[in-house]
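This report refers to the structure that appears directly beneath it.
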Amino acid sequence: MRIALSRAVQTREARPDEADGKTGRRFSWQRYPEEKKITTQDFFRRLMRMMWKKAAALAMAAMMSLSLAACAGGSGDSGAAQTGTGSGTSGEVIEISFPTYMAGENVGAVFFLPQVERFNKAYEGKYKITIEEVPQAAYADKIKQLALQDQLPVLVHAPGSGGIDTQWFNQVVVANDMAYDLTSFAEDNPETAANWIPESVDFCTVDGKLICKPLSVLKPVGLYYNSSMYSPEKNIRDMTMDEFVESLGDNKIAFMTGENGWTTGLMLSALIANEEGGVELMNASAADKLWDYNNPIIISAVEKLQKMLQNNATANTVGAAYADAANAFMSKSGAVICNGSWMASEFTEESKDKWSNDFNGADVKTTIYPGNVALANPATYGEFWIANSASDAEKEAAEAFLAFRDSQAEIEALILAEGGTAPQLTYSEEFLTKLQEEPLLYELAQSMNEDTTYCVAVGDVLPASVADSEFGKLLPKLIDNTLTAQQFCEELTKKAQEAKQ
Numbered sequence: 327m328r329i330a331l332s333r334a335v336q337t338r339e340a341r342p343d344e345a346d347g348k349t350g351r352r353f354s355w356q357r358y359p360e361e362k363k364i365t366t367q368d369f370f371r372r373l374m375r376m377m378w379k380k381a382a383a384l385a386m387a388a389m390m391s392l393s394l395a396a397c398a399g400g401s402g403d404s405g406a407a408q409t410g411t412g413s414g415t416s417g418e419v420i421e422i423s424f425p426t427y428m429a430g431e432n433v434g435a436v437f438f439l440p441q442v443e444r445f446n447k448a449y450e451g452k453y454k455i456t457i458e459e460v461p462q463a464a465y466a467d468k469i470k471q472l473a474l475q476d477q478l479p480v481l482v483h484a485p486g487s488g489g490i491d492t493q494w495f496n497q498v499v500v501a502n503d504m505a506y507d508l509t510s511f512a513e514d515n516p517e518t519a520a521n522w523i524p525e526s527v528d529f530c531t532v533d534g535k536l537i538c539k540p541l542s543v544l545k546p547v548g549l550y551y552n553s554s555m556y557s558p559e560k561n562i563r564d565m566t567m568d569e570f571v572e573s574l575g576d577n578k579i580a581f582m583t584g585e586n587g588w589t590t591g592l593m594l595s596a597l598i599a600n601e602e603g604g605v606e607l608m609n610a611s612a613a614d615k616l617w618d619y620n621n622p623i624i625i626s627a628v629e630k631l632q633k634m635l636q637n638n639a640t641a642n643t644v645g646a647a648y649a650d651a652a653n654a655f656m657s658k659s660g661a662v663i664c665n666g667s668w669m670a671s672e673f674t675e676e677s678k679d680k681w682s683n684d685f686n687g688a689d690v691k692t693t694i695y696p697g698n699v700a701l702a703n704p705a706t707y708g709e710f711w712i713a714n715s716a717s718d719a720e721k722e723a724a725e726a727f728l729a730f731r732d733s734q735a736e737i738e739a740l741i742l743a744e745g746g747t748a749p750q751l752t753y754s755e756e757f758l759t760k761l762q763e764e765p766l767l768y769e770l771a772q773s774m775n776e777d778t779t780y781c782v783a784v785g786d787v788l789p790a791s792v793a794d795s796e797f798g799k800l801l802p803k804l805i806d807n808t809l810t811a812q813q814f815c816e817e818l819t820k821k822a823q824e825a826k827q
């Protein structure tokens, strides 16, 4: 297994207008409105109200003291009512609200929401997580606004997901010490920490602090193909990229230019990885992003993508969102779609209501990309982080959830639902038996071997704002020849430089 990884030093300094120079904490002048002038009469009226409130509070406190004393004297088991949960003192359930995009129709909700329900059931009476659904397109803006107001939620998705870019995370969250240090959590939960992927642990450790929960599961991304339409003579993994394109003939690929151009970006990633030096360029750029795309490696890959878009793209590609690309594949308009292992559930009998035009999920096969390439990035900020502004009780509940998510049972359940591999985990026999009952997940796992090259995807190296919208907007210009491959890379560089400012 070859993984080319590197990480540049990140900038930790906050801008003077963003943080208090003494504490590094962000602040907002809006929290301190200008005082209004009041008359002498208003002043004494307010003073009287304050005195009455104070007297009432003292009286109430005295009554409560007498009541407690009476209870203590008349009962020998008063401590039995002290059922302290979480912090062990209040007896109340520690409840945290979790704004997440993995809810509603988001594909990640299929596993994540039931997992939260399992957690709530396992810790009933002690901890409870309440989900707040946030559209994925709005998630990053919401978190950034809450950070500006110093009102971050207890649990937050890690950068690289939900549109949150590492540049903002480093300049705002890291520089202002907004992320809770999980080092003690790791020390107190060695069985959980043992499941974390080392490259992710290293990446999540900044200035000696573990600022995000590292990855336990790596989900290499490949492609799916409909064997009733396209039957390659040999495993796609063992082809060169040129052989793959030739083998397609007139078959179409379910590309998309809408949203973030997800399926198209995956193919471009595979094309770059098949260029000499492409894997090294991509993996070396994952930590601090790639800001200049005027590179012969990328230009050559874009030239090949342009031909594929013009000759092998489904008819609905221009303007297609992910749902449109998926529908094109599941209606036999396209024979191939690039996507992650989580799509495997769409090809089971339970999802047949999404099929049309005699599509049959049993005909779907999966493998990794030509050149024995799988798209994956173990050196990332992981999955979640805890806000430093959370109370001790809230941090306790959040840590309990992180430990629950990375338990062996939940890791194995995640892989069975969405695919992937847990390199640090010794699988149970029950899991291995169940995995073989999931043909596509097992097939994808078997398609990787010791010679597989792992490369990060385009979305990992593009600045988040460019990856989320600008990349997709430029793609149609390749299709209609408005832009050459070189001009496309120039425009992409321009957009990246604008995002850097």
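Residue numbering for the sequence shown follows my numbering, beginning at 327 and increasing consecutively.
No residue lacks a Cβ here, since even glycine has one placed at the ideal position from N, Cα and C.
Please read all numbers here as calculations on a predicted model, not as lab measurements.
Cβ shell of residue i (< 8 Å), same chain only, five flanking positions each side left out
| i | result |
| --- | --- |
| residue 617 | 789, 819, 822, 823, 826 |
| residue 674 | 687 |
| residue 520 | 750 |
| residue 690 | 550, 551, 552, 553, 673, 766 |
| residue 770 | 546, 548, 667, 670, 692, 693, 694, 745 |
| residue 360 | With a pLDDT of only 34 at residue 360, under 50, the local geometry of the prediction cannot be trusted, and the value read off the model is given with reservation. Nothing meets the Cβ criterion. |
Neighbourhood of residue i by C-beta, 6 Å cutoff - its chain only, sequence neighbours within 5 removed
| i | result |
| --- | --- |
| residue 681 | 656 |
| residue 786 | 612, 703 |
| residue 626 | 601 |
| residue 541 | 523, 526, 708 |
| residue 802 | 583, 644 |
| residue 593 | 664 |
| residue 607 | 623 |
| residue 768 | 761, 762 |
| residue 368 | Residue confidence is low: residue 368 scores 43 on pLDDT, short of 50, so the model does not pin down where it sits. Its coordinate-derived value is still stated next. There are no such residues. |
CB of residue i within 9 Å of CB of residue j, strictly
| i | j | result |
| --- | --- | --- |
| residue 700 | residue 780 | yes |
| residue 498 | residue 574 | no |
| residue 589 | residue 580 | yes |
| residue 523 | residue 695 | no |
| residue 814 | residue 628 | yes |
| residue 492 | residue 536 | no |
| residue 652 | residue 672 | yes |
| residue 449 | residue 726 | yes |
| residue 484 | residue 504 | no |
| residue 419 | residue 454 | yes |
| residue 604 | residue 797 | no |
| residue 718 | residue 585 | no |
| residue 571 | residue 633 | yes |
| residue 774 | residue 747 | yes |
| residue 565 | residue 697 | yes |
| residue 804 | residue 811 | yes |
Given residue i as reference, the closest of the options once Cα atoms are compared
| i | options | result |
| --- | --- | --- |
| residue 658 | 762, 605, 572, 551 | 551 |
| residue 715 | 709, 724, 791 | 724 |
| residue 710 | 585, 569, 480, 760 | 480 |
| residue 518 | 755, 565, 734 | 734 |
| residue 438 | 741, 569, 641 | 741 |
| residue 546 | 782, 764, 486 | 782 |
| residue 778 | 511, 430, 599 | 599 |
| residue 432 | 459, 451, 446, 447 | 459 |
| residue 728 | 446, 436, 429, 463 | 446 |
| residue 477 | 764, 712, 722, 752 | 712 |
| residue 464 | 800, 804, 805, 791 | 791 |
| residue 610 | 776, 685, 529, 654 | 529 |
Residues that residue i bridges to, as DSSP identifies them
| i | result |
| --- | --- |
| residue 711 | 482 |
| residue 699 | 695, 779 |
| residue 665 | 548 |
| residue 453 | 420 |
| residue 505 | 713 |
| residue 639 | 579 |
| residue 426 | 459 |
Supposed close pair residue i, residue j - CB separation, criterion 8 Å
| i | j | result |
| --- | --- | --- |
| residue 643 | residue 635 | 7 Å |
| residue 426 | residue 469 | With a Cβ gap of about 11 Å, residue 426 and residue 469 do not count as contacting. |
| residue 441 | residue 731 | 7 Å |
| residue 879 | residue 692 | The displayed coordinates of the chain run from 327 to 827. Any statement about residue 879 would go beyond what the structure contains. |
| residue 855 | residue 706 | Past the edges of the chain, shown from 327 to 827, lies residue 855, and the structure says nothing about it. |
| residue 298 | residue 434 | Lying outside 327 to 827, the shown extent of the chain, residue 298 is not represented and no answer is given. |
| residue 422 | residue 720 | 5 Å |
| residue 816 | residue 620 | 6 Å |
| residue 591 | residue 784 | 5 Å |
| residue 649 | residue 640 | Actually they do not touch by this definition, with Cβ atoms about 13 Å apart. |
Contacts around residue i, its chain only, beta-carbon distance under 7 Å, and the 5 residues preceding and following it disregarded
| i | result |
| --- | --- |
| residue 364 | With a pLDDT of only 39 at residue 364, under the threshold of 50, the placement of this residue in the model should not be trusted; the figure read from the coordinates follows. Nothing meets the Cβ criterion. |
| residue 760 | 742 |
| residue 555 | 577, 658, 661 |
| residue 494 | 470 |
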